[in-house]
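Student:
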Amino acid sequence: MKVLVVGSGGREHALCWAIAASPLCDKLYCAPGNAGIGREAECVPIKADDLDGIVRFATSNAIDFVVVGPEQPLVLGLVDRLEAAGIKTFGPTAAAAALEGSKGFMKDLCAKYGIPTAAYGRFTDAASARDFVRERGAPIVVKVDGLAAGKGVTIARTVEEALAAIDEAMVDARFGSAGTELVIEEFLDGEEVSFFALVDGTTALPLVSAQDHKAAFDGDTGPNTGGMGAYSPAPVMTPALEARVMREMIEPTVRGMAAEGRPFRGVLFAGLMIVDTPEGPAPKLLEYNTRFGDPETQVLMKRLMSDVLPALVASRDGVLKNLQLRWYDDSALCVVMAARGYPGDYRKGTEIQGLDEAGVLPDVSIFHAGTVLSADGHVLADGGRVLGVTAIAPTVRDAQSLAYEAVDRIHWPEGFCRRDIGWRAIGRG
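Position 326 (the sequence shown) corresponds to 326 in full-length UniProt numbering; numbering is contiguous.
(1) So the beta strand (DSSP E) F250 belongs to, where does it begin and stop?
(2) For E83 and A21, I'd like the C-alpha separation in whole angstroms.
(3) Check whether the Cβ atoms of V171 and A126 sit closer than 7 Å, and answer yes or no.
(4) Which same chain residues end up closer than 6 Å to M337 when comparing Cβ atoms and leaving out the 5 residues on each side of it in sequence?
(5) Measuring CA to CA, which of A178, M237, D220, E357 is closest to K143?
(6) Taking 6 Å as the limit between beta carbons, can you name the residues of its chain near R409, skipping five residues before and five after?
(7) Using a Cβ-Cβ cut-off of 8 Å (strictly less than) and excluding sequence neighbours within five positions of D218, which residues of its own chain qualify?
(8) Using a 10 Å radius around the Cβ and a threshold of 16 neighbouring Cβ atoms, would you call M237 buried or exposed?
(9) In the DSSP assignment, the alpha helix (DSSP H) including L300 goes from what residue to what residue?
(10) I need the straight-line Cα distance from V364 to A391, nearest angstrom please.
(11) Could you pull out every unbroken beta strand (DSSP E) segment of at least 3 residues lying fully inside the region 12–56, listed in chain order?
(12) In its own chain, which residues sit with a C-beta less than 7 Å from the C-beta of A1, not counting the 5 before and 5 after it?
(13) Identify the residues that DSSP records as bridge partners of C334: which are they?
(14) Expressed to the nearest angstrom, what Euclidean distance is found between the alpha-carbon atoms of L312 and F90?
(15) Do you know offhand how far L78's Cα is from F367's?
(16) The alpha helix (DSSP H) spanning K107 covers which residue range?
(17) Would you grab the beta carbon distance between F123 and E181 for me? Rounded to a whole angstrom, and I think it's under 8 Å.
(18) Counting Cβ pairs closer than 8 Å, one from the region 295–314 and one from the region 275–287, do we hit at least three?
(19) Considering only residues of the same chain and omitting the five flanking positions on each side of I46, which have a CB-CB separation below 8 Å?
(20) Could you tell me if N34 is buried or exposed, where buried requires 16 or more neighbouring beta carbons within 10 angstroms of its beta carbon?
(21) Rounded to a whole number of angstroms, what is the C-alpha to C-alpha distance between L309 and P278?
(22) In this structure, what does DSSP give as the bridge partners for E192?
(23) Smallest Cα separation from K214: which of D200, V199, A230?
(24) Please tell me whether T225 and A216 are closer than 7 Å, where the distance is taken between their beta carbons.
(25) Does DSSP put Q400 in a helix, in a strand, or in coil?
(26) By alpha-carbon positions, which one of G146, A96, I184, S194 ends up nearest to A173?
(27) At 4 residues or longer, and completely inside the region 58–145: list those alpha helix (DSSP H) runs for me, N to C.
(28) Looking only at C-alpha atoms, which of V6, G152, G176 sits nearest to P73?
(29) Evaluate D200 with the Cβ neighbour count: other Cβ atoms within 10 Å of its Cβ, from every protein chain shown; 16 or more gives buried, anything less gives exposed.
(30) My understanding is that residue 436 touches E40, with C-beta atoms under 8 Å, so please give their C-beta distance in whole angstroms.
(31) Just to confirm, is the Cβ distance from T96 to F264 under 7 Å?
(32) To the nearest angstrom, how far is the alpha carbon of E161 from that of P223?
(33) Mind checking residue 442: buried by the 16 CB within 10 Å criterion, or exposed?
(34) How would you label K107, buried or exposed, when you count the other beta carbons within 10 angstroms and need 16 or more for buried?
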């Protein structure tokens with residue numbers, strides 16, 4: 001098969017790394033890719049949101065299968081366009097990607113089909129939103145309805161913070177059209193976890209759990225980011241909780257989306273909060289994403305023993321029913337190295353050295369997220385999150401030690417990372 005992966009981040013590098021190992025893959029392309037992906041695939045300079053360019057390339061190069069990584073091209077309808085051109089594609093249609101593209105749509109679907117989530121309201125004018133916040137009090141969560149690159153959520157500890165978030169979105173229009181509607185919901189306290197399932201329209205196949213670290217600095221302090229590290233499995237997700245998530249969330253969502261005329265194919269990524277109740281820990285749905293997570297994909301691909309490509313094809317073809325995936329029992333852990341200043345302002349173009357020395361460590365993979373090659377072949381930082389240093393080992397503690405050993409071989413003074421990735425799992429003993 002000739003395969004094209006769309007995207008340029010750490011998620012796409014991990015997918016390319018796994019797909020390149022498949023005996024079914026004869027030729028692998030990535031659009032636009034990055035400096036690291038260039039080792040696994042031929043990078044083509046087409047942006048992920050250039051739908052015309054991607055369809056044109058896939059058609060003219062007789063691509064057999066496309067894997068769409070980021071959310072924006074899914075919401076824009078890239079899968080619809082490619083399938084209309086006769087090219088098999090992994091990912092949801094634009095109608096199904098509304099589960100991520102509109103938080104209001106997602107919450108209404110949960111309400112209609114009895115999926116446990118936080119109580120909420122939807123608002124298209126600032127005055128009604130402010131009234132709702134004053135009535136409910138704080139803490140409370142303010143979310144822009146549309147895609148905002150992970151920056152449209154405010155966990156407001158005070159009413160004043162919530163009112164400021166409403167004004168920022170609706171009056172100042174900081175998030176553009178994404179913020180013309182808001183979802184305001186109750187604050188859920190507990191432990192966050194990521195859960196993934198491949199879906200083929202009717203059948204859902206659970207993958208393994210993962211947990212990421214959103215805060216920028218050690219001890220879960222500092223501003224929220226796209227993710228500063230992750231590990232898998234997440235000890236908080238017991239087999240009993242995983243079964244509940246499938247029964248109470250994933251399966252009703254798959255049935256509901258089919259009933260709404262928006263059958264879902266691709267990967268369903270459930271962001272969960274595990275809350276304490278008198279009956280014990282219980283899962284509640286924070287949000288759905290309609291693509292693989294980043295940096296969770298890095299640890300999932302390290303743990304996946306099976307060939308990933310047949311699983312992605314089976315999801316698109318509607319034949320997941322008889323598929324089984326095998327996973328390594330070991331733990332995988334990813335440390336994200338980011339440019340100083342991230343998630344605020346940061347410099348691009350700084351050189352990163354020592355990648356080969358770090359990459360030769362056994363069971364370590366250096367997944368690139370925001371890198372480019374200079375004219376003379378040096379790796380330069382080209383984003384906020386730049387590298388995902390990923391290791392697999394018998395325990396989370398072992399994987400943590402190995403990942404940080406690799407981090408310490410990388411010379412990049414303009415970068416930083418958290419030094420406590422995996423602390424929750426290690427603290428459980």
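By construction, the Cβ of each residue, glycine as well, lies at the ideal position given by its N, Cα and C atoms.
All values reported here derive from a predicted model rather than from experimental measurement.
Tutor: Looking at the atomic coordinates:
(1) Reading the sequence shown from its first residue, position 250 is the one you call residue 250. Note that residue 250 is Ile in the sequence shown here, rather than Phe. Taken as a continuous stretch (DSSP letters only), I250 belongs to no beta strand (DSSP E), as it is neither H nor E.
(2) As a working mapping, residue 83 is identified with position 83 in the sequence shown. As a working mapping, residue 21 is identified with position 21 in the sequence shown. C-alpha separation (whole angstroms): 25 Å.
(3) Translated into the one-based positions of the sequence shown, residue 171 becomes position 171. Translated into the one-based positions of the sequence shown, residue 126 becomes position 126. A contact, by the Cβ cut-off of 7 Å.
(4) Position 337 of the sequence shown, counted from the first residue, corresponds to residue 337. Leaving aside the five residues that flank M337 on each side, the residues in its chain whose CB is nearer than 6 Å to its CB run, in chain order, V386, L387, G415, C417.
(5) As a first step, residue 143 is located in the sequence shown; it is residue number 143 there, counting from the start. Checking every option, the nearest Cα to that of K143 belongs to A178.
(6) Here residue 409 is taken as the residue at index 409 of the sequence shown, counted from 1. Within the same chain, R409 has close Cβ partners G354, E357, A358.
(7) The residue labelled residue 218 in the question sits at position 218 within the sequence shown. Result list for D218: R418, R419, D420, in chain order.
(8) By 1-based counting over the sequence shown, the position of residue 237 is 237. M237 comes out buried.
(9) Taking the first residue of the sequence shown as position 1, residue 300 is located at position 300. Counting along the chain, the alpha helix (DSSP H) containing L300 begins and ends at 296–303.
(10) Numbered from its first residue, the sequence shown carries residue 364 at position 364. Numbered from its first residue, the sequence shown carries residue 391 at position 391. So the alpha carbons of these two residues sit roughly 4 Å apart.
(11) 27–32
(12) For the purposes of this step, residue 1 is identified with residue 1 of the sequence shown, where counting begins at 1. Reading off the sequence, residue 1 comes out as Met, not Ala. Cβ neighbours of M1 within its own chain (closer than 7 Å, five residues either side excluded): L24, C25, D26, D64, F65.
(13) Within the sequence shown, the letter at position 334 stands for residue 334. DSSP lists A230, T390 as partners of C334.
(14) Residue 312 sits at position 312 when you count from the first residue of the sequence shown. Residue 90 sits at position 90 when you count from the first residue of the sequence shown. Cα to Cα, L312 sits roughly 6 Å from F90.
(15) Taking the first residue of the sequence shown as 1, we reach residue 78 at position 78. Taking the first residue of the sequence shown as 1, we reach residue 367 at position 367. One C-alpha to the other measures close to 25 Å.
(16) Within the sequence shown, the letter at position 107 stands for residue 107. From DSSP, the alpha helix (DSSP H) with K107 extends over 103–113.
(17) On the sequence shown, residue 123 is found 123 positions in, with the first residue counted as 1. On the sequence shown, residue 181 is found 181 positions in, with the first residue counted as 1. With a Cβ gap of about 7 Å, F123 and E181 count as contacting.
(18) The region 295–314 vs the region 275–287: no contact.
(19) Taking the sequence shown and counting its residues from 1, the one referred to as residue 46 is at position 46. A31, P32, G53, I54, F57, listed in sequence order.
(20) Here residue 34 is taken as the residue at index 34 of the sequence shown, counted from 1. Flag for N34 reads buried.
(21) Residue 309 sits at position 309 when you count from the first residue of the sequence shown. Residue 278 sits at position 278 when you count from the first residue of the sequence shown. Cα-Cα distance, rounded: 43 Å.
(22) What you label residue 192 is simply residue 192 of the sequence shown in a count that begins at 1. E192 is bridged to M273.
(23) Walking along the sequence shown from the start, residue 214 turns up at place 214. Residue A230 holds the alpha-carbon nearest to the alpha-carbon of K214 among D200, V199, A230.
(24) What you label residue 225 is simply residue 225 of the sequence shown in a count that begins at 1. What you label residue 216 is simply residue 216 of the sequence shown in a count that begins at 1. Contact annotation: T225 and A216 have beta-carbon atoms nearer than 7 Å.
(25) The residue labelled residue 400 in the question sits at position 400 within the sequence shown. Note: Q400 maps to helix in three-state DSSP.
(26) Within the sequence shown, numbered from 1, the residue matching residue 173 stands at position 173. When each option's Cα is compared against that of A173, the closest is G146.
(27) 71–76, 78–84, 94–101, 103–113, 126–136
(28) Counting from 1 along the sequence shown, the entry for residue 73 is found at position 73. Per the Cα distances, V6.
(29) Locating residue 200 in the sequence shown gives position 200, where the first residue counts as 1. So D200 ends up on the buried side.
(30) The shown model of the chain, from 1 to 429, leaves out residue 436, and the question about it has no answer.
(31) To locate residue 96, count along the sequence shown from 1; it is residue 96. To locate residue 264, count along the sequence shown from 1; it is residue 264. One point to set straight first is that residue 96 is Ala, not Thr, in the sequence displayed. Here A96 is near F264, since their CB atoms are less than 7 Å apart.
(32) Position 161 of the sequence shown, counted from the start, is the residue given in the question as residue 161. Position 223 of the sequence shown, counted from the start, is the residue given in the question as residue 223. Straight-line Cα distance between these residues: approximately 15 Å.
(33) Missing from the structure shown is residue 442; the chain here goes from 1 to 429 and no further.
(34) Along the sequence shown, one-based indexing puts residue 107 at 107. Around the beta carbon of K107, 16 or more other beta carbons sit within 10 angstroms, so the residue counts as buried.
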